[in-house]
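Undergrad: Residue numbers (the working numbering): 23 to 396. No residue lacks a Cβ here, since even glycine has one placed at the ideal position from N, Cα and C. Just so we're clear, the structure is a prediction, and the values are computed from it rather than from any experiment.
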Amino acid sequence: MSISIEGITKHFGSFQALKNISLEVPDGQLVGLLGPSGSGKTTLLRIIAGLETADEGRILFQGEDVTRLHVRERRVGFVFQHYALFRHMTVAQNVAFGLDVLPSRQRPPAAEIRKRVGKLLEMVQLGHLAQRYPAQLSGGQKQRIALARALSMEPQILLLDEPFGALDAKVRKDLRRWLRTLHEEFHFTSVFVTHDQEEALELSDQVAVMSAGQIEQVNSPQKLYAQPSSRFVFDFLGNVNVFAGDADDDVLRQGEAWVRLPEVPAAAQQQLYMRSHEVRLQNAPAVHAHLPLRIESISLVGAEVRLELAPQGWDAEDLWEVGITHAQFNSWQPNRGDQCFAVPQVAHAIEKDAHTPRTIRWQAGEMDDPAAMI
Ligand code: ADP
Ligand code: MG
23 MSISIEGITK HFGSFQALKN ISLEVPDGQL VGLLGPSGSG KTTLLRIIAG
73 LETADEGRIL FQGEDVTRLH VRERRVGFVF QHYALFRHMT VAQNVAFGLD
123 VLPSRQRPPA AEIRKRVGKL LEMVQLGHLA QRYPAQLSGG QKQRIALARA
173 LSMEPQILLL DEPFGALDAK VRKDLRRWLR TLHEEFHFTS VFVTHDQEEA
223 LELSDQVAVM SAGQIEQVNS PQKLYAQPSS RFVFDFLGNV NVFAGDADDD
273 VLRQGEAWVR LPEVPAAAQQ QLYMRSHEVR LQNAPAVHAH LPLRIESISL
323 VGAEVRLELA PQGWDAEDLW EVGITHAQFN SWQPNRGDQC FAVPQVAHAI
373 EKDAHTPRTI RWQAGEMDDP AAMI
């Protein structure tokens, strides 16, 4: 069941929490709402659910206007960050709750409810815990029960508000994978709120990045990462290395550092944004870039080795961060305090005071032989 959000505006007193939000969630998709705390994610989710009313705009489910429908009539499943299970009820009773409280005319027979609950518990792989109480479950198990409870009403739309926010990293990862599988199996349409970019990029078909009550960009995770349409999105999606320089013909300079661009930039002042994997390191300056750095720290993080680097003879607001492979690390064997040079492969140019970055790619002939690089 598709969800259309059309021109939603919401004030709390004089504070505007949502500013003319429009978003399409196609049938069967999982759309992530990603943004910092206070950007309006929960408010938007509550408006979709019918737990909150908008000042302006409409919500449509499969083309049908539900703006004025009560939360009960919208028949959406809802999972919050805090499990909100009933403590005095067993797991099975918690999952059955929504069905048990239906008016008798709509309520399935007791045997049918038991069967459905059994199936749901199997689905979340917790059938063996049916007679336990919430206090006897781990956080991850509680959240799976909350999900089973939301699904007991067979909703076609599932709304999740930071459902894994209170869990530790390993459990979050398992639950993410499992939610994705469940989603593919049952074909509900989901909107998923998170402030964790990794979670949003991993789980979602589309990610809507929110900032201060507005949607900054909606795209697939791949597109969002490759072509962030604003500086905000760029900064929010992970670490970036920044070189700010003044243009002198096709060269951007700052202190002892410079980068030669493939074309003369339009503005006199530019910032180049480079993600950690868009920069390589070598022992000597490159043909198109002179960006001396000193190694400040070396950390082995899972699949890569991450280096923190301090600019030498030029300034940057933050340390640079570049990831290299273990194989590169082993052949180079760098130490703290060593000097090296950053070689941008791709950069995203942002003119001073401009909003939208422009991607720059150097052609092979404009760069050193990549084989010479570390
Ligand atoms: P998020 O979920 O992205 O953290 P919220 O949607 O919860 O953001 O909140 C967006 C903004 O609206 C915040 O500044 C918050 O303080 C404000 N807000 C949310 N709910 C209320 C409310 N019931 N009354 C007043 N202000 C609220
Ligand atoms: Mg929230």
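Can we count Phe210 as close to the ligand ADP, meaning its CB is less than 7 angstroms from some heavy atom?
TA: Result no, Cβ not under 7 angstroms from the ligand ADP.
Undergrad: Extract the residue ranges of the alpha helix (DSSP H) inside the stretch 31 to 106, only unbroken runs of 4 or more that lie entirely within it.
TA: Within the stretch 31 to 106, the complete alpha helix (DSSP H) runs of at least 4 residues are 63 to 71, 93 to 96.
Undergrad: Sort Gln276, Thr31, His299 by Cα distance to Gln292 and report the nearest one.
TA: Per the Cα distances, Gln276.
Undergrad: Just the C-alpha distance for Ala191 and His104, rounded to the nearest angstrom, thanks.
TA: Whole-angstrom Cα-Cα distance: 16 angstroms.
Undergrad: Around the Cβ of Arg302, are there at least 16 other Cβ atoms within 10 angstroms (buried) or fewer (exposed)?
TA: Buried.
Undergrad: Which term fits Asp183, buried or exposed, when burial requires 16 or more other beta carbons within 10 angstroms of its beta carbon?
TA: So Asp183 counts as buried.
Undergrad: Let me check understanding here. Comparing Cα to Cα, which of Leu67, Asp77, Val215 lies closest to Ser36?
TA: Closest option to Ser36, Cα to Cα, is Asp77.
Undergrad: So, helix, strand or coil for Leu329, using DSSP?
TA: Strand at Leu329.
Undergrad: Would you report the Cα separation of Ile237 and Ile27, rounded to the nearest angstrom?
TA: Those two C-alpha atoms are separated by around 12 angstroms.
Undergrad: In whole angstroms, give me the CA-to-CA distance for Asp340 and Val88.
TA: Each residue's alpha carbon lies about 48 angstroms from the other.
Undergrad: Using 7 angstroms as the cut-off, classify the Cβ of Val53 as near or not near the heavy atoms of the ligand MG, replying yes or no.
TA: No, since every heavy atom of the ligand MG falls outside the 7 angstroms radius drawn around the Cβ of Val53.
Undergrad: My output table needs one value for Ala234: the three-state DSSP class, helix, strand or coil.
TA: Coil at Ala234, not helix or strand.
Undergrad: Following the continuous beta strand (DSSP E) through Glu318, name the residue where it begins and the one where it ends.
TA: Run containing Glu318: 314 to 323, per the beta strand (DSSP E) assignment.
Undergrad: Using a Cβ-Cβ cut-off of 8 angstroms (strictly less than) and excluding sequence neighbours within five positions of Leu91, which residues of its own chain qualify?
TA: Excluding residues within five positions, the ones whose Cβ falls inside 8 angstroms are Gly72.
Undergrad: Tell me the rounded alpha-carbon separation between Trp200 and Val323.
TA: Using only the alpha carbons, I get a separation of about 25 angstroms.
Undergrad: Sort Ala371, Ala289, Ser233, Val368 by Cα distance to Gln442 and report the nearest one.
TA: Past the edges of the chain, shown from 23 to 396, lies residue 442, and the structure says nothing about it.
Undergrad: Hey, out of Glu300, Gln355, Ala288, whose CA is closest to Ser321's CA?
TA: The option with the nearest alpha carbon to Ser321 is Gln355.
Undergrad: Quick check: is the beta carbon of Gly149 nearer than 8 angstroms to any beta carbon in chain B?
TA: The displayed structure is made up of one protein chain only, and chain B is not part of it.
Undergrad: Is it a yes or a no for the stretch 294 to 311 touching the stretch 357 to 376, going by three-plus beta-carbon pairs under 8 angstroms?
TA: Yes: the two stretches touch, three or more of their Cβ pairs being nearer than 8 angstroms.
Undergrad: The beta strand (DSSP E) with Ala266 in it runs from where to where?
TA: Counting along the chain, the beta strand (DSSP E) containing Ala266 begins and ends at 262 to 270.
Undergrad: Phe186 and Arg171 - do their beta-carbons sit closer together than 8 angstroms?
TA: No.
Undergrad: Whose beta carbon lies closer than 5 angstroms to any heavy atom of the ligand ADP, going through the chain in order?
TA: Taken from the N-terminal end onward, the list reads Phe34, Ala39, Ser59, Gly60, Ser61, Gly62, Lys63, Thr64, Thr65.
Undergrad: So who's on the other strand from Tyr295, going by DSSP bridges?
TA: Answer by DSSP bridge pairing, in chain order: Val264, His370.
Undergrad: Take Phe210 and list the residues in its own chain whose beta-carbon comes closer than 6 angstroms to its own, dropping the five residues that flank it on each side.
TA: So the list reads Gln178, Leu180, once near-sequence residues are dropped.
Undergrad: Which runs of the beta strand (DSSP E) spanning at least 3 residues fall entirely within the stretch 126 to 205, listed in chain order?
TA: Those beta strand (DSSP E) runs which fall completely within the stretch 126 to 205 and span 3+ residues are 179 to 183.
Undergrad: Spatial neighbours of Trp280 within its chain, please: C-beta separation below 6 angstroms, excluding the five flanking residues on both sides.
TA: Hits under 6 angstroms: Val273, His312.
Undergrad: Quick one, are the C-beta atoms of Ala290 and Asp257 less than 8 angstroms apart?
TA: Not a contact, by the Cβ cut-off of 8 angstroms.
Undergrad: Please indicate yes or no: does the CB of Asp183 lie closer than 7 angstroms to some heavy atom of the ligand MG?
TA: The answer is yes for Asp183.
Undergrad: Among residues of its own chain, excluding the 5 on either side of Gly359, which ones have a beta-carbon nearer than 7 angstroms to its beta-carbon?
TA: Answer for Gly359: Arg316, Ile317, listed in chain order.
Undergrad: Go through its chain and collect everything with a Cβ distance to Met175's Cβ below 6 angstroms, but skip five positions before and after it.
TA: Closer than 6 angstroms at the Cβ level, and outside the excluded window around Met175, lie Gly120.
Undergrad: Quick one: what's got a C-beta closer than 8 angstroms to Gln249's C-beta in the same chain, skipping five residues either side?
TA: These residues qualify, in order along the chain: Asn241, Thr381.
Undergrad: Ignore the nearest five residues each way along the sequence and tell me which others in Leu40's own chain have a CB closer than 7 angstroms to its CB.
TA: Closer than 7 angstroms at the Cβ level, and outside the excluded window around Leu40, lie Ile30, Thr31, Lys32, Gly62, Thr65, Leu66, Gly235.
Undergrad: For the alpha helix (DSSP H) containing Ser353, list its first residue and its last residue.
TA: Unbroken alpha helix (DSSP H) run through Ser353: 348 to 354.
Undergrad: For a quick check, are the C-beta atoms of Leu189 and Gln165 less than 8 angstroms apart?
TA: Their beta carbons are under 8 angstroms apart, which means Leu189 touches Gln165 by this criterion.
Undergrad: Measure the CB-CB distance between Met296 and Val262 and report whether it falls below 8 angstroms.
TA: Yes, these two residues count as a Cβ contact at 8 angstroms.
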